[in-house]
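Residue numbers (my numbering): 122 to 514.
Heads up, the beta-carbon is just placed ideally off N, CA and C, and yes, glycines get one too.
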């Protein structure tokens, strides 16, 4: 009986020892797994992992090696190696390429105190991915934060070429405009406006309807003592709401003074009717019609109502020569082009003038006085006394 009891106690002891051993080994493994952190987990890139709930499991899902290698290359500033990994996934049309792009952008944000790393990485990537608006806009933002404004504008100009959404195009154009004003103000304080000429020449070509670019160009020309080009730009600005009055004043200083008789208007002056920010001049055709023409320095062609042009054609005072598409506030319109024998403006007669047939939505004007007439003269708009002064070029 004693032997049997001893055997039972021995068996129980062995079982308890084995249970303790197994439990200890299991706890060791659990704590080791929970305490182990991969390189990728330390960087908190869980967004790139497969969807699912892993809170109750002992093992973290495998991290794609490409993401680990890409992140490590960025950390070590091996941008060429990172670019190769990115290109390989893109060529394979892999879903990892989008994840790698997000890793890059997140890493750039993490380098907040070392913007030179972010700029260097994006400069390298945009050398190859020069059509990626996301990369380009991020690089422009970094340049702006570093006060490298001209570089920011150049990058935004590139980004604009690859944007198709109208609202994004408008936002990009507005960003360029704001940055260009900062550059202008800085150069103006340092009396270095002539150095901005290449920039504003490019911007005015890209966005000719933006009056500020022409104004900045004019000031750059004046700073460089190039009065002829300054006059050309200032003439185009005279009807602008923001810069018109200043442009007219500068023109009066640049152009030869008009001799005036007391109490009388100079012979070369044509009365103007002001309607808000618009200026209207009365013209005269060969049949004695007097269409009211709105001065529009943004219009390449002068326009008249179709009915008047047809009447001039019937009287052999005009003939149709072509057609064109005109950009209007309501969209693109098809317009016939006539060659009008004579159009009188004050004491001047413009002969063999190409005029487009167009109906305006203005109650105060029947046509537009465009640059194919105004460009033949030096012209000044006296906004104080409301008259147009023409002088031959």
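Practice problem: Identify which residue in 409, 283, 370 has its Cα closest to the Cα of residue 252. | Solution: By 1-based counting over the chain shown, the position of residue 252 is 131. Proximity to residue 252 across 409, 283, 370 peaks at 283, based on C-alpha coordinates.
Quiz item: Measuring CA to CA, which of 264, 204, 503, 210 is closest to residue 398?
Solution: Taking the chain shown and counting its residues from 1, the one referred to as residue 398 is at position 277. The residue with the shortest Cα to Cα distance from residue 398 is 503.
Self-check item: Reduced DSSP category for residue 71 - H, G, I as helix; E, B as strand; rest coil
Solution: Given a span of 122 to 514 for the chain in the structure shown, any question on residue 71 remains unanswerable.
Quiz item: Which same chain residues, not among the five before or five after residue 280, have their C-beta less than 8 Å away from its C-beta?
Solution: On the chain shown, position 159 is the one that residue 280 refers to. So the list reads 254, 257, 258, 261, 293, once near-sequence residues are dropped.
Practice problem: State yes or no: is the C-beta of residue 422 within less than 8 Å of the C-beta of residue 488? | Solution: On the chain shown, position 301 is the one that residue 422 refers to. On the chain shown, position 367 is the one that residue 488 refers to. No, Cβ-Cβ distance for residue 422 and residue 488 is not below 8 Å.
Quiz item: How big is the Cα-Cα spacing for residue 266 and residue 247?
Solution: The sequence position of residue 266 within the chain shown is 145, counting from 1. The sequence position of residue 247 within the chain shown is 126, counting from 1. Roughly 18 Å between the two C-alpha positions.
Quiz item: Out of 354, 443, 208, which has the shortest C-alpha to C-alpha gap to residue 326?
Solution: Against the chain shown, residue 326 aligns to sequence position 205. For residue 326, the closest of 354, 443, 208 by C-alpha to C-alpha distance is 354.
Quiz item: Any idea if residue 450 is buried or exposed, counting beta-carbon neighbours within 10 angstroms, 16 or more meaning buried?
Solution: Translated into positions along the chain shown, residue 450 becomes position 329. By the beta-carbon neighbour count (other beta carbons within 10 angstroms, threshold 16), residue 450 is exposed.
Quiz item: Taking C-beta to C-beta, are residue 184 and residue 220 nearer than 8 Å?
Solution: Within the chain shown, the letter at position 63 stands for residue 184. Within the chain shown, the letter at position 99 stands for residue 220. Cβ distance not < 8 Å, so residue 184 and residue 220 don't count as in contact.
Exercise. At 3 residues or longer, and completely inside the region 180-244: list those beta strand (DSSP E) runs for me, N to C.
Key: Within the region 180-244, no run of beta strand (DSSP E) at least 3 residues long lies entirely inside it.
Quiz item: Can you tell me the Cα-Cα spacing of residue 439 and residue 407, whole angstroms?
Solution: Translated into the one-based positions of the chain shown, residue 439 becomes position 318. Translated into the one-based positions of the chain shown, residue 407 becomes position 286. Cα to Cα, the separation comes out at about 10 Å.
Practice problem: Have a look at 469, 192, 495, 205 and flag the residue whose alpha-carbon is nearest the alpha-carbon of residue 106. | Solution: Given a span of 122 to 514 for the chain in the structure shown, any question on residue 106 remains unanswerable.
Quiz item: Helix or strand or just coil, what does DSSP make of residue 284?
Solution: Along the chain shown, one-based indexing puts residue 284 at 163. Three-state result, residue 284: coil.
Exercise. Give a yes or no on whether the minimum CB-CB distance between residue 393 and chain D is below 8 Å.
Key: Any reference to chain D falls outside this structure, which holds one protein chain only.
Quiz item: From residue 334 to residue 233, what does the alpha carbon distance come to, in whole angstroms?
Solution: As a position in the chain shown, residue 334 is number 213, starting the count at 1. As a position in the chain shown, residue 233 is number 112, starting the count at 1. Roughly 33 Å between the two C-alpha positions.
Exercise. Taking only the alpha-carbon atoms, compute the straight-line gap between residue 238 and residue 301 and give it to the nearest angstrom.
Key: Walking along the chain shown from the start, residue 238 turns up at place 117. Walking along the chain shown from the start, residue 301 turns up at place 180. Here the alpha carbons of residue 301 and residue 238 stand approximately 26 Å from one another.
Quiz item: Apart from the five residues just before and just after residue 361, which ones in its own chain have a Cβ nearer than 6 Å to its Cβ?
Solution: Within the chain shown, residue 361 is the residue found at index 240, counting from 1. Spatial neighbours of residue 361 in its own chain (CB-CB distance under 6 Å, excluding positions within 5 residues in sequence) are listed in chain order as 332.
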